[in-house]
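In my numbering, the protein residues as written are 104 to 454.
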């Protein structure tokens, strides 16, 4: 799929045949084996560490996993529905007509689109998939994906309710989310091969969507139903796996060790970043969770938590893997974590 150039017409999606020749079953087997090794390592760590008995932890992990899944499901369905509206029901050229022509300006506008999409990070993934199926580039879509969970109007309200304007946490979160989104968009816009950033399966979905545009242009109801099934089949397995991992990590990783590190001001930012990636709380309510740490952790570490959690926690990474390749996810984690450390350090200096 060539998405680096933008024209008035929908671009053609051409899967890279040399990559499609690889047996996808081998990749699935490798992921399953890796998951088994990770879980086995966590179980061994839980057995060796003090705390409740292992069966109790496993039961708690199941409860947490189901809670994360139930919390995320409505937003995922809403995101799929919004994706279908954008892809099927909005006439071609309507959105593009209002977008700036310069690439950097388009990315800035897309990074603010989250203010009009009141869903959390889980629902933004299918919505972003719809944007790419419509013809937006990978860097443009990544800019939206990174910014939307933070500039979301519900997130702004809940963050203000939790912290107000104390220590600049709200302002730092909003400006930081906007800045890191446009930084990521710019960095990936320099990538020489945008085709290599998305999975073959998603490329095939884009080609399928384009075929529907030509073959069923008048039957929007059938197209909507077909796209709804395609998106749910792609996103739900990742959501379930991500929720299970989030629950397992929360109960099997010793929390006392993490909090002991966080009590040290020099390491509090790192501790809260790790915690953000583990707990996988929806961005609409993560401010109230972070508020419980405000009395013992530095303001900069709270900001780092609020930046990292909605963007690269284990649940979000599982969802992003339905669309982007592993190397893209690795790059996102590195950029977001380093950026959060920098912002958190600046906040600590002025708080």
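We treat Cβ as the ideally placed atom computed from N, Cα and C, and that holds for glycine. Note that the structure is a prediction, hence the values are computed from the model and not measured.
Next on the checklist: Give me, in chain order, the residues of the same chain whose beta-carbon lies closer than 7 Å to that of residue 281; leave out the 5 immediate sequence neighbours on both sides.
Outcome noted: 214, 250, 254
Checklist entry - Taking Cβ to Cβ, would you say residue 427 is nearer than 7 Å to residue 300? => result yes
Item to check | Whole-angstrom C-beta distance between residue 276 and residue 414, which should lie under 8 Å | outcome: Incorrect: roughly 11 Å between the Cβ atoms, too far for contact.
Next on the checklist: Please return the same chain residues whose Cβ sits closer than 6 Å to the Cβ of residue 394, not counting the five positions on each side in sequence.
Outcome noted: In the same chain as residue 394, and ignoring 5 residues on each side of it, the C-beta atoms closer than 6 Å to its own belong to 265, in chain order.
Next on the checklist: Using only CA atoms, which one of 443, 448, 419, 431 lies nearest to residue 228?
Outcome noted: In terms of CA proximity to residue 228, 419 leads the group 443, 448, 419, 431.
Item to check | Three-state class that DSSP yields for residue 384 in the structure shown | outcome: coil
Item to check | residue 424 versus residue 279 - alpha carbon distance | outcome: 24 Å
Next on the checklist: Tell me the residue span of the alpha helix (DSSP H) that contains residue 444.
Outcome noted: 429–453
Checklist entry - Alpha carbon to alpha carbon, how far is residue 452 from residue 390? => result CA-to-CA, the gap between residue 452 and residue 390 works out to about 21 Å.
Checklist entry - residue 276 lies in the alpha helix (DSSP H); which residues open and close that run? => result 272–292
Next on the checklist: Short of 8 Å in beta carbon distance, which residues of its chain neighbour residue 273, apart from the five on each side in sequence? Order them along the chain.
Outcome noted: 259, 262, 263, 266, 267
Checklist entry - Where residue 344 and residue 421 are concerned, what is the direct C-alpha to C-alpha distance, given to the nearest angstrom? => result 7 Å
Checklist entry - Smallest Cα separation from residue 435: which of 385, 392, 380? => result 380
Next on the checklist: So, under 8 Å CB-CB, residue 407 and residue 377 are touching, yes? Tell me the CB distance rounded to an integer number of Å.
Outcome noted: Rounded to whole angstroms, the Cβ separation of residue 407 and residue 377 is 10 Å, and the two are not in contact under 8 Å.
Checklist entry - What first and last residue would you give for the alpha helix (DSSP H) that runs through residue 408? => result It spans 402–415 - the alpha helix (DSSP H) in which residue 408 sits, taken as one unbroken run.
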